[in-house]
Amino acid sequence: MEGQTPPLDLRDGNSVLFLFAAHALQCYTCQEPMSAPLCMTISNCSTGDIMCKTVMYSREEVFPFVGDSTVIKSCAPKCIPSDVDEIGSSRPTFCCNSDLCNHDGAVSLQISYVMIGISASFLCVLLRTGL
């Protein structure tokens, strides 16, 4: 059986480590602020980049943004997400750590803030009616 590669022995820890090390995280990236649906370039992240990061930008001063908003998406070695309870953030950040997970990160973050606002409004109505 000359010229044939021996089968991979998965009991060998080095072989398994090699299999996991060979796969780099993939994220959608754009270096300049642009509309989220247009920011769809797929990038293979560096070994040290373990997070996909999405930062929202808008002409308004604070989140939730009413008008058009733009995003910057990138690979990152670390990422600190915006606090869901933090209304008024000027640059909300969304973080995730699986391949192409930042497809709609900014949209998900925006929906979370909208749901907080709706919940707070509903709570106020309940308190005013005495329920």
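Every position in the sequence shown, counted from 1, becomes a number in the numbering used here once 168 is added. Cβ coordinates follow ideal geometry from the N, Cα and C atoms, glycine included. Since this is a predicted model, take the numbers as computed values, not measurements.
request  = Measuring alpha carbon to alpha carbon, tell me which of Cys213, Ser211, Arg259, Gly298 ends up nearest Pro201.
outcome  = Arg259
request  = Quick one: residues in its chain with C-beta nearer than 8 Å to the C-beta of Thr248, no 5 flanking neighbours on either side, listed in chain order?
outcome  = According to the sequence shown, residue 248 is Ile rather than Thr. Excluding residues within five positions, the ones whose Cβ falls inside 8 Å are Thr261, Cys263.
task = Decide if Ile240 is buried, meaning its Cβ has at least 16 other Cβ atoms within 10 Å, or exposed.
result = buried
request  = Give me the Cα-Cα distance between Pro205 and Ala192, rounded to the nearest whole angstrom.
outcome  = 24 Å
Helix, strand or coil at Phe186 according to DSSP, with G and I counted as helix = Note on Phe186: pLDDT 44, under 50, position unreliable in the model; the coordinate value appears next. Correct three-state label for Phe186: helix.
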